[in-house]
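Q: Structure in structure tokens, see below.
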Amino acid sequence: MKYHKLKAFDSNFLWGGSTSSYQFEGAWNEDGKGPSVIDTRPPREEITDYKVASDHYHHYKEDIALLAEMGFKAYRFSVAWTRIYPQGTGELNPKGIQFYNHLIDELLKYGIEPIVTMYHFDLPAALEKEGGWSNRSTINAFETYAKTLFEHFGDRVKYWLTINEQNMMILHGSALGTLDPNLKNPKKELYQQNHHMLLAQARAMILCKEMLPEAKVAPAPNISCVYPASSRPEDVLAADNFNAIRNWLYLDMAVFGRYNTLVWRYFEEKGYTPEIQEGDMSILSAAKPDFIAFNYYSSATVKASTQNSAEKGGMGDQQISVGEVGVFAGSGNEYLERTEFGWGIDPAGLRVTLRKIYDRYQLPLIITENGLGAFDSLEEGDVVRDDYRIDYLRKHIEQCQLAITDGVELFGYCPWSAIDLVSTHQGVSKRYGFVYVDRDEFNLRQLRRIRKNSFHWYKNMISSNGSAL
Ligand code: BGP
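Counting from -6, one number per residue, gives the positions in the sequence shown under the numbering used here.
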């Protein structure tokens, strides 16, 4: 539809940016922090580990001042579970509480709304030792952890996100480093873990409502609209399959409290059916999110599976889906350009995704990640000409406005990442931030913060409330 006039962004629209604790904070074993699964995985030779990352733990004041300078209305960050409970459960670490108290207070000093992710890939290693998400006691540990966060930070934090990209941990855990290497029958066990995570999320959502009636809580999956590679009905069916497996499984449960029908049949067919204990479904259906947060980088395109073994490929990553024989096969999309890291660039796909999610769930939406990973270069005089990033963000923001004009209730945009940090599996050289952090894979240099071109552009864009794109 072509509109005569676009709706403006609301005056309270939450312009901001996102990070996650393990990719940004560093200080991996300081002040009582326990190890997470990210810390215990063997490091990869060609890229950095997460021990120092951007050293935000020691730079948070300077970092928040930069966000304030850009005019951020909101900042989405995650709490490292193992700073709060070094062993995942049991003894509380007061220094962990103190760090996030300072961080939140610093944000509020500048009028920046904190949006807190409770768990972003960094499961406590001590819990993994006991079976991690395969063990139902991790559900209790998560609930206790959530309760602690609500108790200590709930007086100041209004927006809570439960679990970042649970769908990617299930589908691409090996790329993310979250997959437990000890699983014997990974797919089957992963869907059991998924069930437990859904329960943990539901219990946290219920608790949030009880403890903090004014607060708002949401899931935070990675959602990409799935296109059929052609109008061939078989391709359309394959796209439906993948949409259900990749996207709707997670949101249907969070919002409607039930398993998606297509996915349930897929589980039965493949032998992945999770064990559901008495009472589980009533907890799942009692939990209701107030809004939906989602991360969007690209669309996905799939075609019908040819059922032949040549289809099998690698595992892919968050935005590269290889396929599953008999269910769907990944396909290219000739209409899209790609990033230097092979992810399709599809701004209109963001509008499609917003419309689909809103149409299906009728809840307010916020984009909690979206952005361009690139090899930025620091030029003489502290200049980073990341005009390609400005182009990417501008086009996606245009599509947000179109979606709002379509009638979608979108209340915020927090691209990835506020400041440079370490990618999930492609090192620190894959940069996303508005602020350059001067380090490379193995040389930490001074970790100086340098404003990129996109910093100035975003600042101007925010001050115009989205009209100066
Ligand atoms: C999302 C994750 C983030 C993040 C981002 C970019 O899947 O939630 O943690 O890193 O993708 O991905 P990558 O770092 O792999 O480029």
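Heads up, the beta-carbon is just placed ideally off N, CA and C, and yes, glycines get one too.
Name the DSSP beta bridge partners of leucine 7, please?
A: BP columns for leucine 7 point to Gly405.
Q: Is aspartate 148 helix, strand or coil when you go by DSSP?
A: Coil at aspartate 148, not helix or strand.
Q: For tyrosine 252 and tyrosine 184, what's the separation of their Cα atoms in angstroms?
A: About 12 Å.
Q: Between the alpha carbons of alanine 367 and glutamate 203, how many angstroms are there, rounded?
A: The alpha-carbon atoms of alanine 367 and glutamate 203 are separated by roughly 43 Å.
Q: Quick one: which unbroken beta strand (DSSP E) runs of 3-plus residues sit fully inside the stretch 202 to 265? Chain order, please.
A: Runs found: 209 to 213 and 219 to 221.
Q: Tell me the residue span of the alpha helix (DSSP H) that contains glutamate 121.
A: That run of the alpha helix (DSSP H) goes 118 to 122.
Q: Any residues whose CB sits closer than 7 Å to a heavy atom of ligand 1? List them in chain order?
A: Cβ-based neighbours of ligand 1 within the cut-off: Ser13, Gln16, His113, Phe114, Asn157, Glu158, Met161, Asn215, Asn288, Tyr290, Asp310, Gln311, Phe334, Glu362, Gly366, Trp409, Ser416, Thr417, His418, Gln419, Lys423 and Tyr425.
Q: When burial is assigned at 16 or more other CB atoms within 10 Å of the CB, is asparagine 453 buried or exposed?
A: Burial call: exposed.
Q: DSSP puts threonine 294 in a beta bridge; with which residues?
A: Bridge partners of threonine 294: Tyr220.
Q: Please report how far the alpha carbon of glycine 319 lies from the alpha carbon of threonine 299, in whole angstroms.
A: One C-alpha to the other measures close to 7 Å.
Q: Could you check how far apart the C-beta atoms of alanine 211 and aspartate 283 are, in whole angstroms? I think they sit under 8 Å.
A: That belief holds up - the Cβ atoms of alanine 211 and aspartate 283 are roughly 6 Å apart, short of 8 Å.
Q: What are the boundary residues of the beta strand (DSSP E) that includes alanine 168?
A: First-last for alanine 168: 159 to 169, but that is the alpha helix (DSSP H), not the beta strand (DSSP E).
Q: How close, in whole Å, do the beta carbons of tryptophan 153 and alanine 208 come, if the pair is a contact with beta carbons under 8 Å?
A: Indeed, because the Cβ distance is near 6 Å, the residues count as touching under 8 Å.
Q: Can you list, in chain order, the residues of its chain whose CB lies under 7 Å from that of methionine 190, leaving out five sequence neighbours each side?
A: Excluding residues within five positions, the ones whose Cβ falls inside 7 Å are Trp126, Ile156 and Gln159.
Q: Could you tell me which residues DSSP puts in a beta bridge with phenylalanine 287?
A: Partner(s): Ile360.
Q: For tryptophan 153, which residues does DSSP report across the bridge?
A: Answer by DSSP bridge pairing, in chain order: Val109 and Val210.
Q: When we look at the beta-carbon of serine 217 and count the other beta-carbons within 10 Å, is it buried (16 or more) or exposed?
A: Buried: at least 16 other Cβ atoms inside 10 Å.
Q: From which residue to which residue does the alpha helix (DSSP H) around serine 456 run?
A: Its alpha helix (DSSP H) spans residues 446 to 456.
Q: Which partner residues does glycine 323 have in the DSSP bridge list?
A: Beta-bridge pairing links glycine 323 to Val295.
Q: Rounded to the nearest angstrom, what separates glutamate 136 and valine 421 at their Cα positions?
A: Cα to Cα, glutamate 136 sits roughly 33 Å from valine 421.
Q: Measure the alpha-carbon distance for proline 35 versus proline 174 and round it to whole angstroms.
A: Approximately 11 Å, taken between the alpha carbons.
Q: Counting beta carbon pairs with one atom in the stretch 440 to 448 and one in the stretch 376 to 396, are three or more of them shorter than 8 Å?
A: With a cut-off of 8 Å, the stretch 440 to 448 and the stretch 376 to 396 count as touching, because enough Cβ pairs lie within range.
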